[in-house]
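Trainee: The sequence shown stops at residue 276 when you use the numbering used here, and every number in between is there. C-beta atoms are modelled at their ideal positions from N, C-alpha and C, and glycine is treated no differently. Computed from a prediction, not measured in an experiment: that's the story for all the values here.
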Amino acid sequence: MSTGDLLSIEPLELKFIFELKKQISCSLQLSNKTDSYVAFKVKTTNPKKYCVRPNTGIVLPRSTCDVIVTMQAQKEAPADMQCKDKFLLQSVRVEDGIAAKDITAEMFNKEAGHVVEECKLRVLYVSPPQPPSPVPEGSEEGSSPRGSVSDNGNISGADSAAVTRAFAERHDGPEKSVEAKALISRLTDEKNNAIQQNNKLRQELDMLRRESSKSRGGVSMVIVILIGLLGIIIGNEDEGQNRLNPVGVGVFLGVDNNMDIETLVESVGQ
């Protein structure tokens, strides 16, 4: 900060984050340390390269004024990012009530007896910050680029890392906080959907098991009926009546030949 009697200037170095083919701006803050009106004027050694707004003006007593310095887009970077351009800020006490349009070059003429304060400003080029390293989407070919939710609802993969980064960087501003909340909400929905699908699959599996048990019971009844028909076919005629031959059925089923037909059917039904 300048230690002049009229104005305090912050900063004393104009730092431009240098990028090719892009206009870059920085600002100066001028603070009037007196109870009088102070006029200022900004000069540069390279006026075609820079635009200063305002380049002249009035700073009211005990007030501040911001000056924006814009560097025109550059086609190539300077060697070693060094800049020899300079700025000069002149300030002078003027009559109260004077307006910026009333400022003249004569006010800053030392030879005319005016007390003019001068402050030289350096120009610095700063390299732009490096972008963060990209997060690998997957270490194996064909792997999913985002995280997944397991059956028990646990978050895994890149989404878990993203949540961690979001909380770690929440001090960066409200935008980071909003992104973190949106991510947490999305992951919660995915977890609930996974749990619902898991419960639905279990219900369908139980239903299939019950239907399978019923089918096995129906098959047993069919077997009993087929055995009865088989007994009739191989039965012997006795006194003009068709009756079931338990001997033939017993041989077919591998049971006791002396078993009567009721016991035989009951045994097959079991």
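Between D86 and K21, what straight-line distance do the alpha-carbon atoms span, to the nearest angstrom?
Mentor: Rounded to whole angstroms, D86 to K21 spans 15 angstroms at the Cα level.
Trainee: I'd like to check one pair, L13 with N52: are the Cβ atoms closer than 8 angstroms?
Mentor: For N52 and L13, no; Cβs fall outside 8 angstroms.
Trainee: Between T50 and the rest of its own chain, which residues show a CB-CB distance below 6 angstroms, the 5 nearest in sequence each way excluded?
Mentor: Around T50: Y56, F93.
Trainee: Between M77 and L18, what straight-line distance do the alpha-carbon atoms span, to the nearest angstrom?
Mentor: Using only the alpha carbons, I get a separation of about 17 angstroms.
Trainee: Which word fits V75, buried or exposed, when buried means at least 16 other C-beta atoms lie within 10 angstroms of its C-beta?
Mentor: Counting Cβ neighbours within 10 Å, V75 comes out buried, since at least 16 surround it.
Trainee: Relative to the C-alpha of I23, which candidate in I233, K197, P135 has its C-alpha closest?
Mentor: Checking every option, the nearest Cα to that of I23 belongs to P135.
Trainee: Taking the alpha carbon of E82 as the point to measure from, which residue in Y131, I109, I231, L232 has its own alpha carbon closest?
Mentor: That would be Y131, whose Cα lies nearest to the Cα of E82.
Trainee: For G148 and L232, what's the separation of their Cα atoms in angstroms?
Mentor: In this prediction, G148 has a pLDDT of 48, which is less than 50 and means its spatial position is unreliable; nothing more can be read from the coordinates.
Trainee: In the DSSP assignment, the beta strand (DSSP E) including L95 goes from what residue to what residue?
Mentor: It spans 92 to 100 - the beta strand (DSSP E) in which L95 sits, taken as one unbroken run.
Trainee: Based on the DSSP output, what are the partners of N199 in its beta bridges?
Mentor: Paired residue(s): none; N199 is not in a bridge.
Trainee: State buried or exposed for L26, treating a residue as buried only when at least 16 other CB atoms are found within 10 Å of its CB.
Mentor: Exposed: under 16 other Cβ atoms inside 10 Å.
Trainee: Kindly list the residues whose CB is nearer than 8 angstroms to the CB of V121, restricted to its own chain and excluding five residues on each side of it in sequence; keep chain order.
Mentor: These residues qualify, in order along the chain: V98, R99.
Trainee: Measuring CB to CB, does R68 end up less than 8 angstroms from D108?
Mentor: It is not a contact, given that the beta carbons lie outside the stated cut-off.
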